[in-house]
Structures are given as structure tokens and as C-alpha cells.
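Q:
Protein chains in written order, with my numbering: chain D, 1 to 459; chain U, 460 to 918.
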């Protein structure tokens, strides 16, 4: 009886799966996922749970440990299998203690400032020195050796608001390069205008050592209104800044959290959905990257509810993205022998959305590329014709050959709150994140059910 | 020769003044002031100067002293006469030292909080206690004696966004009443949701003792996103809050700053333009009330540039409005014998504008009421038919009989930044403040040139 029943269920499952592959219109699939995503709003609920129960979770903090436990618990609750944590060793995890800045003039005006990640502390009594402003990083680079001796360099580049993050890309260089360039010219500290598009008194932090050496002089970001204030003060004459930045660093162990929606057993191929679990310390990491966790986990869950797919869906909550893509690098190394089975990967790390463009890797079979474009068009997603985007956490596996499906999230407002105290749940758009969840579910489902083998070299 | 020249000048002045009264169309006057206000943008430039050179200026702080010196200097620079400081003694000026709050759960999450003015400090080790939430002040009031023993009360009232500040009026009661009501029921501290319409992590401070006793338990405001977070945590079960609030109080001497554009000598009557010079400590007091200083000073300056008026225009930069209308109360007392000469008063303390409604006091001659409505209509200002608004700093002289010209500033966005760190120059709308300056200039000019006597009892 039991055997017969199981066989019947298997037959039903297989035939419904086979039917799905043969008959389902990608646009209908997308609409179905949109309905599922809107009902209950699981993506938003996941962000609510993470940000309320855990809050900030920089690598090495108690919040980071709590987030890993949360991630395992949440995936198990939602019915994921093979839920596990995978170790990520980090030689140096930086933690903020306190930041303080004052504009020293007739009075001492408090300026809102945040040390950049990996900034050394100032001496115990702080640093008070004259400020020299540079409107561009090139202007700092062009300044003479010794010209900043004993001074504080101020790199004052504005960030353009764009949908796809190009404005951020243009400005973010000062975050890593201001300190070393200033140091070479004799400066004892550096400050930058926040890499952010808002006009609120929230400094935008971010690592100063991403793809670069550790900074050897203290470096911090001023909020945009405070950078305006310092600029105005400098228009009136020389100005001094007082900086008191305290931080600490220690080796730390973090964890990628992994869970799966298993395939129907007919393929050992894996479709990966990734987002990062760590956040900066200032906010609760709602848009960066709670939203990505919500989108990817809810998308995988929706696929599970729809029925078995040929391939396994694997969700990875990456550790330590903010401090140099630590978890994704460890994942690529730990799974290097298995990467050939990773036939498609998607990442969500640009806020709550909506998704406005899909760009499949050019290596995918033409039929899959077509179904991705057709399916996502039903969610008002247009078709990109360039190179598929690779988010930061997909970099290591993509360089090892794993192709991506680029799903572009609308980032017009993303850099208003990115890396600030203001990155909180109220900034997540419940309607947009439901569409994003549906778009990721659709793309992952189409890849996971595609009838041809997707393994590299299989054609 | 000298006598003849003087006589000629006097005659010319008198006749031009008389002509102005007889012939000038109020709408043409308003348009002229709009042109003057737009050219050069003096109102905005005054706010820029105050917020950049001085910054925050809570009563009793070095910034407050610097602001008084700034005010005297600025009025003299602009050609005002009888520029002076008038002493205001304050028995207790509260100064913030530091604020810290944490939501105590699986982790300790930092919440953004600001002590309310006159809040006592917490004990040296802070306070950590269970939180009890009240959705309304009435709910707190209805709670049983002793029901909050050893706990922290949380009054969680939202502020409605309105143009005229009624939403603020509905919510602000919790700022003064939360602490005494909670104390009566045994609470050891109280927190409130910020009285503010934004969704950013800026707590809105404000005095807790306005028209009430000094609070005797620590009381602070959470930013709106942090109040959301605490509410969400409480939905999941009991939650504790850690509060560490430090402040100090000391007697202080502050100063009203006064300057005049003298009349033509034909009247001893005074038209008063007022705004307050002090600010809260968190921002740079750009909208509250740098904007009012900019509007009133620039309006008086525009009148001076236009030519002599019959009456004197007096600008008063009031001290200590934020901590209980200290300067305005002192002004009414010091000038009580002269108040009969104060024939009309206007106040700007609601941001940069624009002005959308004029409501002259019902006691003004009908012809003046008509010219005010006609003139301001040219600036798209409609005519109010209720009681003339009396701003906080006009209260004391209004109660002593001085009639006001109510000029309503559009406050739709005002409570987004009011009493927060985010009250900075970038929040001042340069176009709106120019219109406001023109509206105040028009109203003051019409009152200052009105041919009939405006003295009370003169009709």
C-alpha cells in the first residue's frame, strides 16, 4: 500500500513536472509567481523578521552570529533541506566603537561623520587640523608631495542619482583611494563626502579597503549636508576639523548559510540564488541586503510550493560581503569541484526593486534565453542585450565559469540609504519586493525546468 | 544751505511718502517686493550666514552667544539702527550631553533617541527595564496606578502631515504629558514616538516642560523608524529598553536682539516683525527658525530700500523660544509701557514657506484689512476669515493687546525636520523663502504706511 501510494505520487509528480516543461507558457508562470508573491508578501515578511529580530549584523558582531542562527532557523521553517552553515575565516573584522567630528570655528559645530571600514582609530585625543578640500579625486592626485603635511584632506565628490548604480560607480573610488593618496602627500587624516544621493544627515559608511590596501590614516565620510557645511565654511576662509574615531579589529569566524529546494532527481544540476546576510553596523540592513535575502528565499519557497523542478534550487546567504566578499570567496573555494554543476546563478543585492531588466548569460541555450525574456516581460521586465550583470557575491563563481542571469533591480533610491543608519524596514517597498520575488522565482524556475542540459561543455 | 537742503529733502520725503499712501496699489507693492526678494535672495543668504557661521544655538550654549553677536553684526551691516541686545535671565537652561538607547533582545540593537528638553539624566549606569506601549496618551492616562512600577512607558502616537500644523497640535501633548502621567503610575522613564512626519532615523527633540512642570523621570523621543522597531519587537513579546541619557542645567543669560528701520518721524507707532534666534542643539536651526530670521530681516531691509514709511519697523530676534518663550516673555515685560505703540505684529516661525494665507486682526481699520488682502493676493496668498494666528513669540504681547497680522506659512514638510539633526540649510527652499520675504514685507509696509492712526482706542 505504502509502496503503491509512493509510486503513484512519484508518477503524478513526474508527469506534472514533465507536463509543466512541455506546456507551460513562461508568461503564465510569471503571472502565477506574481500572484504567489503578492499573497502573503513573504519577501517583505522575511525582511521584517530579519531586521526586527536581529537588526545590524556586521561580520564578527553578536548580530552576525544571531543572523546565522536566524538564517538556518528561517530556511528550516520554510521547508528547505540540507540547511547548513559553512565556515568563513576572516583574519581581521573591523568594528566601530564611536565617531565624532567638529567644525572648529567661532563655535565648535558637530558634524555627522562615520569612519569607513578598516579605518584606523585617531589618537586618544583625536586629531584637530586644517582641512584642504579637493572637488575631485584627480585634484587630490594632482596635488604636490608634502602639500598636505599635518592636514586633513577632504574629497568632495557628489554622487549622481541613477537607476542602475553608475552614479555610485563614478563616486565610490574616493572611498578606497582618498586615504592612501592623502597619506602620500603628508595628510594625517582624510574625510570624504558620503557616497550617497540623499540630503539627510546620515553619513554613508563602506569599506575603505575593498580591493586595496588597508588605510593607514583615519578616514571617514561626512553626511551630504555636513559636507555642504564644511564646503561653505571653507568658502569663507580656512577651517579646522576635529576628528575622534574609535574602532577595533580582531580575527573572526563567520558562516555562509545554505539551504536547498531539491530537484526531482533527474538532474544533479544546481540553480543558485544568492544574497548577503551581513550588513553594515549603522542601520538594520533592510535594503542592504535584507531585501535580497527576502527576494531569494521567498522566490525559492514559491518554486517549492509550485512543485518539483528538474534541478535543485540552492539559496546561499553569503557572509561578509560588505568587508570584501569574504563569504562568496570562501564558497567558490569550498565548492570548486562542484561548480560545474552550478548551471545558473542569480544575485539580489540592490534593494527591493522592482526588477526592470533581465540579461541572461550569452552561453545559455537560445530557447532558455527566449523563455526568460518572454516570461519576465509579463512582469514588465525588459530584455537587456549586453553582458549579464554579475553582482559582487557572484564574482568568484562567475570567474570560475558559472553563468549568471542578470536581473536588474531599480536602484534609483538605493543610494539614499545605502550603508547608513537609515537603512531600515520602512525603506522597503512591499509592492516592489513582491514583483522582484516573482521575477527571481520565474527566472530560477525557467532555468531549473529547462529541458536541455545546461552543463558547460555539454553542447 | 544745509537747512535749505534738509528742508528740501524732508519735503521730498514727505511728499513721496504721502504720494505712496495715496497712490500705490497694494498689489503693485507686493509685486515690487517679490522682485526685490528674488533679486539677490537676501532671506536665503541670511539663513546661510547664520547656519554656516554659527550653527546650533540652544539657549545658554556658546552657539547662542555667537548667534547674538551675529545678529547685532548682521543688523548693523544691513543698515538697521538702534541695534541692541536686551537681557533675558533664565533660571535653568538645559544642555544635552549624550543620548543612547538599546533594544535588548537576542542582540542589543541601537535605537536612535533624543532626550527631551528638561529631561533629568538617567542614573550613571543607565536604566534597563521592560517597556509597556500605549497607542494613545489617553490609554496611558487610563492605566491603573502602580501598573508601571519599575517599567518604561512608551507612548506611540503618530503625527499627521498637515499644511497648518494641526497634526502636530494633536500629537505634541505626549511630549509634555508622557513623563508625569507615567511617573504617577510608577514608571521609571518614558519614551515617546517623535512628534514628526518623516520616516528617517532622526529623533525629534523639544521641551518636555512647556506649560507644565519639569519632568521628574527621564523622557526621550525615538525616531519614527525606531518607534516602529520597538512596536514590532513588542508585537513578538516582552521587550526591554536600555536608556542612557545625560544632560546638565544651569542658570543662563540670553539676549533678544533688536534693530529698527526708523519711520519718517510722523508717527511714534511701531510695526513689529519677530522670529526666534535660538534653536535646538541637534541641527543648525535652518527651518526653525533661521528661516524666520531670514524672512523678517530681509523683509525689513526691503522696506528700508523702498523708502521711508510713516511708522518704524522693528525686528526682534527673540531668545529662548524653544525652552518656553523666554525672550518674548521678557520683551513683553521690558516694553510693557511701550506696547500701546506696537500697532501691528507679525511672526515667522514655521519654516521657509511659501505664505498661503493672510488673516489680519479684526481690530484693524477695514481699509487696512482690505489693502492687506488685496496686496497679498498678488503673491497667491488667500484671505483667511478666522482669528488672526498668533505665533508663540507673539503670545505675550498679543495678550497685552498688540494685534497681529497672521501670515500662514506652508508647513506641509515642516515637521519632517523640526527639532532634528536634519534641520539644515539644504531644507530651506530658496524660491519659497523669497515669496515669504515679499509677503512679510508687503504686509509690514502696508501696516507701516497706513494713513489712519492704528493706536488702540484711537478710533
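For each residue, glycine too, the CB sits at the ideal point set by N, CA and C.
Predicted, not measured: the structure shown is a model, and the values here were computed from it.
Whole beta strand (DSSP E) runs in the region 689 to 766 of chain U with 3 or more residues, listed along the chain?
A: 699 to 720 and 729 to 735
Q: Less than 8 angstroms between the C-beta atoms of residue 56(D) and residue 412(D), yes or no?
A: no
Q: Between the beta-carbon of residue 409(D) and the beta-carbon of residue 51(D), is there less than 8 angstroms?
A: no
Q: For the region 559 to 585 of chain U, which residues have a CB atom closer than 8 angstroms to at least one CB atom of chain D, in sequence order?
A: 562, 564, 565, 566, 567, 568, 569 and 571
Q: With 8 angstroms as the threshold, decide whether the Cβ of residue 278(D) is near any Cβ in chain U.
A: no
Q: Thinking C-alpha only, which one of 308(D), 273(D) and 194(D) is nearest residue 155(D)?
A: 194(D)
Q: Could you tell me the alpha carbon to alpha carbon distance between residue 249(D) and residue 214(D), rounded to whole angstroms?
A: Their Cα atoms are separated by approximately 12 angstroms.
Q: Whose Cβ in chain D lies nearer than 7 angstroms to the Cβ of residue 658(U)?
A: Around residue 658(U), the beta-carbon contacts reaching into chain D at under 7 angstroms are 426.
Q: Over the uninterrupted alpha helix (DSSP H) stretch that includes residue 370(D), give me the two end residues.
A: 366 to 377
Q: At a Cβ cut of 7 angstroms, what residues of the region 61 to 83 of chain D count as close to chain U, listed as they run along the chain?
A: 62, 63 and 66
Q: If you measure from the beta carbon of residue 55(D) to each beta carbon in chain U, is any gap under 8 angstroms?
A: yes
Q: Of all Cβ atoms in chain U, is any one closer than 8 angstroms to the Cβ of residue 215(D)?
A: no
Q: What residue range does the alpha helix (DSSP H) around residue 865(U) cover?
A: From DSSP, residue 865(U) is part of no alpha helix (DSSP H) but of the beta strand (DSSP E) over 864 to 868.
Q: With distances taken from CA atoms, which of 179(D), 184(D), 266(D) and 230(D) is nearest residue 190(D)?
A: It is 179(D) whose Cα lies nearest to the Cα of residue 190(D).
Q: Which residue marks the beginning of the beta strand (DSSP E) containing residue 421(D), and which one marks its end?
A: In the DSSP assignment, residue 421(D) falls outside any beta strand (DSSP E) and carries neither an H nor an E.
Q: Would you mind sorting residue 201(D) into buried or exposed? The rule is 16 or more other CB atoms within 10 Å of its CB.
A: buried
Q: Nearest to residue 114(D) by CA position, among 226(D), 262(D) and 240(D), is which residue?
A: 226(D)
Q: With distances taken between CB atoms, is the gap from residue 395(D) to residue 328(D) smaller than 8 angstroms?
A: yes
Q: Can you confirm whether residue 684(U), when its beta carbon is compared against all beta carbons of chain D, has any partner nearer than 8 angstroms?
A: yes
Q: Taking residue 593(U) as the reference, give the member of 772(U), 694(U) and 548(U) with the closest Cα.
A: The shortest Cα separation from residue 593(U) among 772(U), 694(U) and 548(U) belongs to 694(U).
Q: Check each candidate in 843(U), 716(U) and 818(U) and name the one with the smallest Cα separation from residue 789(U).
A: 716(U)
Q: Say whether chain U places a C-beta atom closer than 8 angstroms to the C-beta of residue 422(D).
A: With 8 angstroms as the cut-off, residue 422(D) counts as an interface residue toward chain U.
Q: Would residue 894(U) pass as an interface residue toward chain D - the criterion being a Cβ-Cβ separation below 8 angstroms?
A: no
Q: In this structure, how does DSSP classify residue 44(D) when only helix, strand and coil are distinguished?
A: helix
Q: Below 8 angstroms CB to CB, which residues in the same chain sit around residue 561(U) once its five sequence neighbours on both sides are set aside?
A: 567, 568, 569, 570, 700 and 701
Q: Might you give, ordered along the chain, the residues of its own chain that have their beta carbon closer than 6 angstroms to the beta carbon of residue 535(U), omitting 5 neighbours on each side?
A: 542
Q: With burial defined as no fewer than 16 other Cβ atoms inside 10 Å of the residue's Cβ, what is the status of residue 451(D): buried or exposed?
A: exposed
Q: How many Å lie between residue 304(D) and residue 116(D) at the Cα?
A: Near 41 angstroms, if we compare the C-alpha coordinates of residue 116(D) and residue 304(D).
Q: Any beta-carbon of chain U closer than 8 angstroms to the one on residue 228(D)?
A: Closer than 8 angstroms to the CB of residue 228(D) there is at least one CB belonging to chain U.
Q: Classify residue 912(U): buried if its beta carbon has 16 or more other beta carbons within 10 angstroms, exposed otherwise.
A: exposed
Q: What's the C-alpha gap between residue 158(D) and residue 428(D)?
A: Approximately 25 angstroms between the Cα atoms of the pair.
Q: Short of 7 angstroms in beta carbon distance, which residues of its chain neighbour residue 926(U), apart from the five on each side in sequence? Order them along the chain.
A: Residue numbering for chain U in the displayed model covers 460 to 918; residue 926(U) lies beyond these limits and cannot be assessed.
Q: In angstroms, rounded to a whole number, what distance separates the CA positions of residue 341(D) and residue 268(D)?
A: 7 angstroms
Q: Short of 9 angstroms Cβ to Cβ, which residues in the region 497 to 514 of chain U face chain D?
A: 507, 510, 511, 512, 513 and 514
Q: Between the beta-carbon of residue 905(U) and the beta-carbon of residue 831(U), is there less than 8 angstroms?
A: yes
Q: Residue 568(U) bridges to which residues according to DSSP?
A: Bridge partners of residue 568(U): 562(U).
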